[in-house]
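According to our numbering, the sequence shown is numbered sequentially starting from 114.
The beta carbon of each residue, even a glycine, is placed where N, CA and C say it ideally should be.
Report on the following structure.
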Amino acid sequence: MRTAYQYKLRPNKEQIATIELWLELLRRQYNYRLGERFSWWSENCCPVNACPLVMPIPQLRDNPDYYSQKKDLVNTKDKFREYKLIHSQVCQDCIKRVKLAFVLVV
Numbered sequence: 114m115r116t117a118y119q120y121k122l123r124p125n126k127e128q129i130a131t132i133e134l135w136l137e138l139l140r141r142q143y144n145y146r147l148g149e150r151f152s153w154w155s156e157n158c159c160p161v162n163a164c165p166l167v168m169p170i171p172q173l174r175d176n177p178d179y180y181s182q183k184k185d186l187v188n189t190k191d192k193f194r195e196y197k198l199i200h201s202q203v204c205q206d207c208i209k210r211v212k213l214a215f216v217l218v219v
């Protein structure tokens, strides 16, 4: 017989403030990264059956994929000091969730 334990987390006021700050920063990060991908998609998409042959093709911007966005986390932590409070694995997991969401949508 397996025993399963359930624990209830009861954070104090300081921990609640920290958790809420982290959630807010991760929400902003998620929305920004997802917006990056959608803006790239809208700028570079072209209907397959109606691609213009007369117009020159503009230089394509780099696709913000999983690895480039993970690499950009260092710049984010340099620009916005509050992101240094969040552990790197948590930020990388946020990028991973963006990747999964973008694959499911597109």
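Pull up the CB-CB distance for residue i and residue j, whole angstroms please, since I reckon it's below 8 Å.
{"i": "PRO177", "j": "GLU195", "result": "22 Å between Cβ atoms; not a contact."}
{"i": "GLN119", "j": "CYS207", "result": "Incorrect: roughly 27 Å between the Cβ atoms, too far for contact."}
Name the residue from the options whose alpha carbon lies nearest to the alpha carbon of residue i.
{"i": "GLN128", "options": "LEU198, ASN144, LYS184", "result": "LEU198"}
{"i": "TRP135", "options": "ASP191, LEU217, VAL211, HIS200", "result": "HIS200"}
{"i": "ASP185", "options": "CYS158, TYR145, GLU156, LEU213", "result": "TYR145"}
{"i": "GLN296", "options": "ASP191, TYR180, CYS158", "result": "Since the displayed the chain opens at 114 and closes at 219, residue 296 lies outside it and no answer follows."}
So that I know if they touch, is there some Cβ in chain B lying closer than 8 Å to that of residue i?
{"i": "ASP191", "result": "As a matter of chain content, chain B is missing from the structure shown, which is built from one protein chain."}
Leaving out five residues before and five after residue i in sequence, what residues of the same chain have Cβ atoms less than 8 Å from its Cβ?
{"i": "ILE132", "result": "PRO124"}
Item to complete: Output the residue ranges of the alpha helix (DSSP H) runs that lie fully inside the region 175-207 and measure 4 residues or longer, sorted by chain position.
Response: 179-184, 186-192
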